[in-house]
Amino acid sequence: MEKLEVKKIKLYYFTSKGVIHALDGVSFELRAGETLGVVGESGCGKTTLGTALLNMPTPPGRIVAGEIRLDGVDILKLNENELRKQIRWEKMAMVFQGAMNCLTPVYTIRKQMMETILSHRKMAKEEAEARIIKYLNLVGLSADVLRRYPHELSGGMKQRIVIATALFLEPQIVICDEPTTALDVVVQAQIINLLKKLKQQLKLSFIFITHDLATEAEVADRILVMYAGKVAEIGTNEQIYGPRGAAHPYTQLLMAATPRLRQKVDQLAFIPGTPPDLLAPPAGCRFHLRCPQVMARCRQEEPPLIEIEPAHTVACWRWKQ
Amino acid sequence: MSEVILEVKDLKKWFPLKRSLGQWLRGQRTWMRAVDGVSFQIKKGEIFGLIGESGCGKTTTGKLIMKLIEPTGGQIFFRGEDVTHLSPEALKAYKREVQMIFQDPYASMNPRFRLHQVLAEPLTIHRIGANEQEKRALAAEALTKVKLTPASDFLDRFSHMLSGGQRQRAATARTLILSPSFIVADEPVSMVDLSTRAELLQMMKDIQEELGLTYLYITHDLSTARYFADRIAVMYLGRIVEMGTADELIDHPLHPYTKALIAAVPEPVPGRVNLIKEIPIKGEIPSAAQIPSGCRFHPRCPFAVDDCRHLTAAKLILAGPGHAVACWRYKELD
Amino acid sequence: MKLQELRETLRDFWGEFRKVKYGMVGLVMFFLFLLVVIFEPVLIPFPETGQRWRDITYWEDNPKNAAPVWVNWFKRKDYTPQAVLDKPDFNERKAANTQVAEAVFTYDYKYDLPPIDLLLRATGKGLLNLAVHLERPDGLSIELTKKSFRLSGEAPVRLSLDKEAVGAVGDFLKTYEDPDVLRGVSLFTVKPVEVFFARAAPGILRNPAPLKGEYRIKLTCVAVGSGAFLKEPALTVAGRVFGLMGTDGSKRDIWSGVIVGTKWALLIGLLTSAVAVIIGVFYGVTSAYFGGAVDLVLMRIYEVFQSIPLLPVMIVVSAVFKPSIWMMILMMCAFFWVGSVRTVRSMGLQIKEETYVEAAHALGASQGRIIFKHMLPQVIPYAFASMALQVPVSIVYEASVSLLGLGDATIVTWGQILHDAMQGGAVLQGIWWWIIPPGLFIALMGMTFAFIGFAMDTILNPKLRTR
Chain A
1 MEKLEVKKIK
11 LYYFTSKGVI
21 HALDGVSFEL
31 RAGETLGVVG
41 ESGCGKTTLG
51 TALLNMPTPP
61 GRIVAGEIRL
71 DGVDILKLNE
81 NELRKQIRWE
91 KMAMVFQGAM
101 NCLTPVYTIR
111 KQMMETILSH
121 RKMAKEEAEA
131 RIIKYLNLVG
141 LSADVLRRYP
151 HELSGGMKQR
161 IVIATALFLE
171 PQIVICDEPT
181 TALDVVVQAQ
191 IINLLKKLKQ
201 QLKLSFIFIT
211 HDLATEAEVA
221 DRILVMYAGK
231 VAEIGTNEQI
241 YGPRGAAHPY
251 TQLLMAATPR
261 LRQKVDQLAF
271 IPGTPPDLLA
281 PPAGCRFHLR
291 CPQVMARCRQ
301 EEPPLIEIEP
311 AHTVACWRWK
321 Q
Chain B
1 MSEVILEVKD
11 LKKWFPLKRS
21 LGQWLRGQRT
31 WMRAVDGVSF
41 QIKKGEIFGL
51 IGESGCGKTT
61 TGKLIMKLIE
71 PTGGQIFFRG
81 EDVTHLSPEA
91 LKAYKREVQM
101 IFQDPYASMN
111 PRFRLHQVLA
121 EPLTIHRIGA
131 NEQEKRALAA
141 EALTKVKLTP
151 ASDFLDRFSH
161 MLSGGQRQRA
171 ATARTLILSP
181 SFIVADEPVS
191 MVDLSTRAEL
201 LQMMKDIQEE
211 LGLTYLYITH
221 DLSTARYFAD
231 RIAVMYLGRI
241 VEMGTADELI
251 DHPLHPYTKA
261 LIAAVPEPVP
271 GRVNLIKEIP
281 IKGEIPSAAQ
291 IPSGCRFHPR
301 CPFAVDDCRH
311 LTAAKLILAG
321 PGHAVACWRY
331 KELD
Chain C
1 MKLQELRETL
11 RDFWGEFRKV
21 KYGMVGLVMF
31 FLFLLVVIFE
41 PVLIPFPETG
51 QRWRDITYWE
61 DNPKNAAPVW
71 VNWFKRKDYT
81 PQAVLDKPDF
91 NERKAANTQV
101 AEAVFTYDYK
111 YDLPPIDLLL
121 RATGKGLLNL
131 AVHLERPDGL
141 SIELTKKSFR
151 LSGEAPVRLS
161 LDKEAVGAVG
171 DFLKTYEDPD
181 VLRGVSLFTV
191 KPVEVFFARA
201 APGILRNPAP
211 LKGEYRIKLT
221 CVAVGSGAFL
231 KEPALTVAGR
241 VFGLMGTDGS
251 KRDIWSGVIV
261 GTKWALLIGL
271 LTSAVAVIIG
281 VFYGVTSAYF
291 GGAVDLVLMR
301 IYEVFQSIPL
311 LPVMIVVSAV
321 FKPSIWMMIL
331 MMCAFFWVGS
341 VRTVRSMGLQ
351 IKEETYVEAA
361 HALGASQGRI
371 IFKHMLPQVI
381 PYAFASMALQ
391 VPVSIVYEAS
401 VSLLGLGDAT
411 IVTWGQILHD
421 AMQGGAVLQG
431 IWWWIIPPGL
441 FIALMGMTFA
451 FIGFAMDTIL
461 NPKLRTR
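Chains as they are written, first to last, in the working numbering: chain A, 1 to 321; chain B, 1 to 334; chain C, 1 to 467.
Spelled out as structure tokens, the structure:
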């Protein structure tokens, strides 16, 4: 893989209450061997983005516009069969949020992993098992876990198994949706270390979805900040977390609201109000209702993504301030 | 600030485990020692943070103090009185003084109740307020205290019609309505979006100052604990391993476990992407049903020596002003 | 305050319920059944059906095993339907000790197959001398019979012309039929009524052609003695087809029976399921809330009840004690409560672990408060759904027991009608109108509540909810 290009993708949920504009023209690209972090509050469309990249929106969602080009091929134009054979889990895999709690409690790990691999590839059982053990070792588990049942394993071990399962078919891109959220802080750090090692060893590209800016700082080469189904800001790790700081007021506020362990903070910032209702998103900039630096233009015109420096784009009318 | 409002002494909660037939015949019992000898004091007006990984017994400690479960051993003193075992009437009175905020505000409110019903429940239980109007007025007052205003907009809503932050505010309002003096807050912000977490903590701090409350803040999140709590105790496998003021404990941790926890916490700063972080801890937390001998942390401790395995576990000893640690080797390691 | 909330809850529920099509079908059917019960007196031609179902005299004027009237629509030859003429031209003269009364019934005969019988009924007292004349459309007048009654008190008089006009028919036949044909025929095998409604021509016996038109039946009565009288004469034309659903082997009107059975079916179904589910819900919630030893004991009792098959027990008990319907309902309640226990208990166990229950404990709530305020309200929707689903089961159980002839003999239920049909050989004789109506009503009633129950289940059962 060389490049994953996402262009103006729109994914709407057609519910009985109306159309939810979950993704509304999101564009970005992912280069080989890079980790792109996606951050935002809950309900901003992070997980939806993950499912959209595999072209498997959750009903009643539909991708209504846009392109997702993987090495030049628009995967939105492929049919279900081609997607399954060529893209999903073959080139792009996803570790779903809470997947570690979705292991079937009545089967051993061996049976579950075997089933996954054999449903995609025709191979002898011994070969499949060898492959499973290879990937288990890669994620830091011994072959011993194969004969265990999910309830006998800790959260960290289960998460490792889920990651190993995603890696079976040697995808080039792995989408991780909140892979560390339900884990304890030590295990969290271990999983993050694991993902970093895998990235280096297997030359993988990651899309790392989380709500936690601090975790993102540890893993992401570039960060995409989402707000209400739109891209607010994209920048490199240095640009977002560096001393010059993020350019979008939303990113700045999120950053100020993140408590820091190694620093004594007297007062944390917060963002008043709640994210807008995506059934009827507000006119103009979607953040204007909560933005402390709002001006008249923000209320009427939607800001485009402006490249303010190389590799750093921001959707804000006031980025210069 | 000096009066001790709550003290626990050698508090224990052991849950019996299911026995096999063989064990049953031999009369053996096995226990899950969720809380196994915890002692601390909380001063009036203080925010005391209880920190640890899942399964360390912090929530059980909270429930013991809240008297939702009966302790297996040890004592609890509230305002100097022993409240370990109470009659039903005394228990009811105790629950007016000590209240609890739960982790999941959505789950902690009956989904079939409107907010005014949620808030009226403690009033009905404790026979406060003569009639519906009076209770409604008290409910509105409590909502105003947690800054859910105008209260009349919220009184008739169901909890699912609120945002995460609003829900936790409403849950806080319910605990405040009995004007307690001590609140057990079990992970009050972990389910709340980052953007409103600070707002909620600020609100809790404001009402604390306004009403002179004392909090027991239970969390797994060191960062918010540092921001929110005055003193912190770190729990591991049912015991406190280190206790001190928030700044002191985090800036100068003494116990190897605390050090590992702190090392593991991510920080929103640049330039760490290609860095594989060294975490000074081995393996995973053992089950509370099989607690290691000697120091409970020794199988995971990179600094463990033979003494740690064989000697009885180290007691909490004062290592500095207001800073206690339970480790045989803390002096050498510091 | 409370009332308003209840109204809102119900409105929300209704909003959801109307989206479930089969639920609405069920509801409409339920209302139809309710209307049937409410308008029962208007709907049934025999007002005393409920009380006198097993009284032969109540039904004696009806034909036996008569098909429903509407079979005429599908037949080439029309059968005479049942008709009651109770408004004759009635004249009476009184003189000294005698009353002379004359009643003329006009009957418009327009069918192909004649009635089975003509029945005269009246009330009288004293010595009554009766004479009946028939005037046919072709101008012939026949004296059908003459008969005297001596009644000491006021009493009913009944005259079956099928029996009484045997003499008259002989004379009539001799006039018109070929003597050769008559020679080999015993007059006792002749059905007089059939002859009188046929064209007066040779072949009247063997091959009668219907004589359509207006017939007049004249009843003359001379009542002798002080206080002797005759009043309220009525003529019943006993037809070959009868009412909406025909008659059974005991001449009973099946339509009336089925309609009267509706209220019993509803009563059995609703009462049994309501009582059973209420017991089950309390049992389940108690078991779940207290847990431990209480749970253990309650569950073992539950298992004992659950493992006893109710039908054999009911059959034995009914055979030995001949219980009333109330006893049967009680018996069903005593077994059906197990139906909802498991689910309620597991719901209860789940609710017990909910944080809001723990929160209520933290607020100092009592056990009663937690059970009644937090646990029961959650279970009630499920209870309603399972109640609806239990209704058809109860009805079918009662029907099964009745089918075996072990039902309550003082009432009419669909199962009992089916039992009679079986006994009367309805299947062998092809008397389908005896079997299909009660069977169909049992099925419809079952469907009604199954539809409502499933609809409620989909709306109220959180596990089935797709949102």
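Where is the CB? At the ideal position from N, CA and C, for every residue including glycine.
Is it buried or exposed, residue i, if we count other Cβ atoms within 10 angstroms and call 16 or more buried?
i              : result
residue 17(A)  : exposed
residue 438(C) : buried
residue 1(B)   : Confidence at residue 1(B) is low in this model, with a pLDDT of 48, below 50, so its placement is unreliable and no value can be given for it.
residue 188(B) : buried
residue 9(C)   : exposed
residue 14(C)  : exposed
residue 123(A) : exposed
residue 326(C) : exposed
residue 159(A) : buried
residue 161(B) : exposed
residue 14(A)  : exposed
residue 97(C)  : exposed
residue 239(A) : buried
residue 277(A) : exposed
residue 314(B) : buried
residue 221(C) : buried
residue 37(A)  : buried
What whole-angstrom Cβ distance do residue i and residue j have, given they're in contact under 8 Å?
i              : j              : result
residue 138(C) : residue 211(C) : 6 Å
residue 302(A) : residue 284(A) : 6 Å
residue 394(C) : residue 332(C) : 6 Å
residue 181(B) : residue 5(B)   : 7 Å
residue 114(B) : residue 156(B) : 5 Å
residue 63(C)  : residue 116(C) : 5 Å
Give me the residue from the options with the minimum Cα distance to residue i.
i              : options                           : result
residue 43(A)  : 150(A), 99(A), 228(A) and 79(A)   : 228(A)
residue 196(B) : 26(A), 7(A), 296(A) and 41(A)     : 41(A)
residue 150(A) : 105(A), 171(A), 47(A) and 30(A)   : 105(A)
residue 14(B)  : 49(B), 21(B), 43(B) and 61(B)     : 61(B)
residue 295(B) : 287(B), 309(B), 288(B) and 303(B) : 309(B)
residue 270(B) : 93(A), 101(A), 236(A) and 211(A)  : 236(A)
residue 276(B) : 293(A), 226(A), 313(A) and 193(A) : 193(A)
residue 336(C) : 353(C), 346(C), 290(C) and 306(C) : 306(C)
residue 11(A)  : 3(A), 2(A), 24(A) and 298(A)      : 24(A)
What does residue i touch in chain B if you count any residue whose Cβ is under 9 Å from its own?
i              : result
residue 369(C) : 121, 124 and 125
Could you work out which residues of chain B lie near residue i, taking near to mean beta carbons separated by less than 7 Å?
i              : result
residue 354(C) : 107
What residues from chain A crowd round residue i, counting only those whose CB sits closer than 7 Å?
i              : result
residue 269(B) : 217 and 241
residue 265(B) : 185 and 261
Could you check whether the Cβ of residue i sits closer than 6 Å to any heavy atom belonging to the ligand FAD?
i             : result
residue 58(C) : Absent from the structure shown: the ligand FAD. Ligands present: none.
What residues from chain A crowd round residue i, counting only those whose CB sits closer than 8 Å?
i              : result
residue 195(B) : 41, 253, 254, 257, 270 and 271
residue 279(B) : 186, 189, 190 and 193
Give me the chain C residues within the contact set of residue i, using Cβ-Cβ distance strictly less than 8 Å, ordered along the chain.
i             : result
residue 68(B) : 358, 361 and 362
Name, please, each residue of chain C whose Cβ falls closer than 9 Å to the Cβ of residue i.
i              : result
residue 226(B) : In chain order: nothing, as chain C lies at least about 27 Å away.
Closer than 8 Å by beta-carbon distance: list the chain E residues that pair up with residue i, in chain order.
i              : result
residue 148(B) : The displayed structure is made up of protein chains A, B and C, and chain E is not among them.
So with CB distances below 8 Å, who are the chain B contacts of residue i?
i              : result
residue 319(C) : Neighbours of residue 319(C) on chain B: none; closest Cβ ~46 Å, over 8 Å.
What does residue i touch in chain C if you count any residue whose Cβ is under 7 Å from its own?
i              : result
residue 166(B) : Neighbours of residue 166(B) on chain C: none; closest Cβ ~17 Å, over 7 Å.
At 4 residues or longer, and completely inside the region 85 to 153 of chain B: list those alpha helix (DSSP H) runs for me, N to C. List check, alpha helix (DSSP H) in window: 88 to 97, 115 to 125 and 132 to 145.
Start-end ranges of the beta strand (DSSP E) lying completely within the region 280 to 310 of chain A, minimum 3 residues: Whole beta strand (DSSP E) segments, 3+ residues: 306 to 309.
Let me know the alpha helix (DSSP H) ranges lying completely inside the region 197 to 256 of chain A, each 4 residues or longer, listed in chain order. Fully enclosed alpha helix (DSSP H) runs of 4 or longer: 213 to 219 and 237 to 241.
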